[in-house]
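Mapping the sequence shown onto full-length UniProt numbering, position 261 (from 1) lands on 261, and the numbers just tick up by one.
No residue lacks a Cβ here, since even glycine has one placed at the ideal position from N, Cα and C.
These figures come from a predicted structure and were not determined experimentally.
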Amino acid sequence: MTAESAAAAFIRILREEGVTRVFGNPGTTELPFLEALQSAPDLEFVLGVHEGSVVAMADGYARATGRPAFVSLHIAAGLANGLVGLLNASRSRTPLVVTAGQQDQRHLAADPMLSGDLIGLARAAVKQTFDVRRPSDLPVMLRRAFAAAVTPPAGPVFLSVPMDVLADPEPVPVPDRSTVAAPGPAAGLPRLAELLRAARRPALVAGDGVGRDGAVAELVAVAEAVGAVVYQQPMYDGVNFPGSHPLYAGMLGATASALREALDPYDTVLIVGTHAFMPHHYTAGPLVPEHCRILQLDPDPAEIGRNFGVAYGTVGAVRPSLAELGRLLAGNVSEAEAEAEADAKAVAGRIADAKAVASRIAEAAAVAAATRARVDADARARYGPAPLDPLAAAHAVAAGLPADAVVLEEAITTGLKLRQVLSLDLPKSYVHTVGGGLGSGIGAAIGSRLGDPSRPVVAVLGDGCALFGLQGLWSASHHEVPVTFVVMNNGEYRTLKDTLDSWNSVATASGRYIGLDLAPPHLDFTRVAEFFGIQAARAESAEHLIDLVAKAAAGDQPFLIDVPITGHASAPRVPED
């Protein structure tokens, strides 16, 4: 353990924890930190002009790098602006270490301007808070914060750091970084394998914990070993199973009734790394069918049996647990290999199991292929000039994507269509947030590209979502981050109109929807891009959109594509220029 000033200790710990970028928007209470950064040219300050964009950029960056991202916000007001991003990060289990400068404690009792209850503000949006009061507290609490951010369930943590703490020149002790063994596989995996092997109609639910832990290949091995159909969790945040795999059955619906309907054909369902299914709209009844044997594997013990009883649950790191489970299940043999075994009854049983698995895989493959062909034909039939049908627009974007693209999706109506037509296999190819706080898409796309500059990033945004986070375009332009922003422009909150219609609302009969229209006047996002110094174009047809996406994604500068799409049946259509 060595000693140095609190500010120097701050910089040292950031380096040792793997931080190379600071995402921030500074103010007076962060000036001691900015001064310390003057002597740290290896730590890049990524400036955002609104804290919502700052936290979103950090979120995308953390997911792309697999490391906690570091965020510097400005006192109470800046923290308040960043809260929506912290709520998103909490829901999506993104590890962030977030600080905000508090007023100088020597006059804090006088309630000076800008001060506030930072810990109280942050507490509901993060997994843990740290109230730094003395310079000697800072190094210890900062080490704790980085450890807490990645401990399951991962998420954002917050530190309040008063201005006088960082400005104090006296040396403070700095604890060394701890080396901690990676979490291992869950206990009880032989029993889990036994229950899966006994299933006649097995299914798996791939939660976002699979993608976060880099365990897609391991889950594929488990699914193939038992011939289990695989669903992704409702409104999944990433690639948790390859979209082109014959066992892939798509996304589960986000209501209790939709979950029960999808899982009803199966006798055994293994749920891996999923936060309680998180239904959206309320429907009556349980989340899972009563006849299903529910198995669960999760790194967070609080998730096991959280919202429904499980026949067997086990806690452990997802990737090593699935790797061991796959090894235990890999017992099927060919007829030729089995002939050499002595126990004829056991041999016959193993051959029968292998044939059953092969039959289930073939059946699932036929269903998946037919579904993909039907959706593809439907989308292509909707091609035409702008304004585009949402399914046609989503299909055109997917058709224009480079093979290694990362898709950042924050498009409520078109986003659901996009999930139907995308077939992404590469890990980390899809970025979304189940948090529900709008406006993260632009910033998260920038952070994704900064975190992995080797892959093109295409952000598919609803016009309403884009309006929530427009300030992020400044960062894309200023830092010259080559992201393609595709804005699906229907001039309304279509998803809310559709929801009202499903309730048989009076709005359906009257055609009058209060507070749900963004046009007229027509919103021209190419002009928004021009204001921020970003090149832009408007899609004139589905074929034009394919070409625009392909060319922009291959470029080395940010680019925005305005895509006029059709709206709700009773809403005004977005006109062409």
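- Less than 7 Å divides the Cβ of residue 449 from the Cβ of residue 483.
- Contact check for residue 317 against residue 183 passes: the beta carbons are separated by less than 7 Å.
- Spatial neighbours of residue 485 in its own chain (CB-CB distance under 6 Å, excluding positions within 5 residues in sequence) are listed in chain order as 459 and 560.
- Here DSSP, grouped into helix, strand and coil, assigns residue 241 to coil.
- Within the same chain, Cβ atoms closer than 6 Å to the Cβ of residue 285 are found at 256, the five residues on either side in sequence being excluded.
- Residue 137: not part of any beta strand (DSSP E); member of the alpha helix (DSSP H) spanning 137-150, first to last residue.
- Pairing residue 471 with residue 49 gives a Cβ-Cβ distance under 7 Å.
- In summary, residue 355 is exposed, with fewer than 16 beta-carbon neighbours lying within 10 Å of its beta-carbon over all protein chains present.
- The count of Cβ pairs closer than 8 Å, one atom from the region 156-174 and one from the region 85-102, reaches three, so the stretches are in contact.
- Secondary structure of residue 566 (DSSP, three-state): coil.
- CA-CA distance, residue 54 to residue 18, rounds to 19 Å.
- For the set 230, 301 and 423, the Cα lying nearest the Cα of residue 314 is the one of 301.
- Beta-carbon to beta-carbon, residue 410 and residue 441 are separated by about 3 Å, close enough to satisfy the 8 Å threshold.
- Here residue 163 carries a helix assignment [DSSP, helix/strand/coil].
- The beta carbons of residue 565 and residue 504 sit no closer together than 7 Å.
- Looking at the DSSP output, residue 412 bridges to nothing.
- Beta bridge pairing from DSSP links residue 44 with 21.
- For the set 138, 178 and 120, the Cα lying nearest the Cα of residue 147 is the one of 178.
- By the neighbour-count criterion, in which 16 or more other beta carbons inside 10 Å mark a residue as buried, residue 282 falls on the exposed side.
- Looking at the DSSP output, residue 271 bridges to 205 and 296.
- By DSSP's assignment, residue 559 forms a beta bridge with 484 and 535.
- Taking 7 Å as the cut-off, the beta carbon of residue 139 is found no closer than this to the beta carbon of residue 3.
- When rounded, the separation of the alpha-carbon atoms in residue 68 and residue 149 is 7 Å.
- Linking residue 215 to residue 41 through their CA atoms gives a straight-line distance of about 36 Å.
- Remark: three or more beta-carbon pairs, one from each stretch, lie closer than 8 Å, so the region 257-264 and the region 286-295 are flagged as touching.
- The beta carbon of residue 95 lies closer than 6 Å to those of 62, 68, 149, 150 and 154 in the same chain, with the five residues before and after it left out.
- Using a C-beta cut-off of 8 Å, the region 392-409 makes contact with the region 540-560, since at least three inter-stretch Cβ pairs fall below that distance.
- Here residue 194 carries a helix assignment [DSSP, helix/strand/coil].
- Secondary structure of residue 49 (DSSP, three-state): coil.
- Per DSSP, the beta bridge partners of residue 231 are 205.
- DSSP, reduced to helix, strand and coil, places residue 524 outside both helices and strands of the structure shown, so it counts as coil.
- Counting only unbroken stretches of 4 or more residues, the alpha helix (DSSP H) elements lying wholly within the region 456-485 are 463-468 and 472-478, in sequence order.
- Sequence-distant Cβ neighbours of residue 37 in its own chain, meaning closer than 8 Å and more than five residues away, are 11, 22, 43 and 45.
- Cβ contact annotation for residue 248 (same chain, cutoff 7 Å, sequence separation greater than five): 230, 241, 242 and 368, in chain order.
- In the three-state scheme derived from DSSP, where H, G and I count as helix and E and B as strand, residue 441 is classed as helix.
- The three-state reading of DSSP puts residue 55 in helix, counting H, G and I together.
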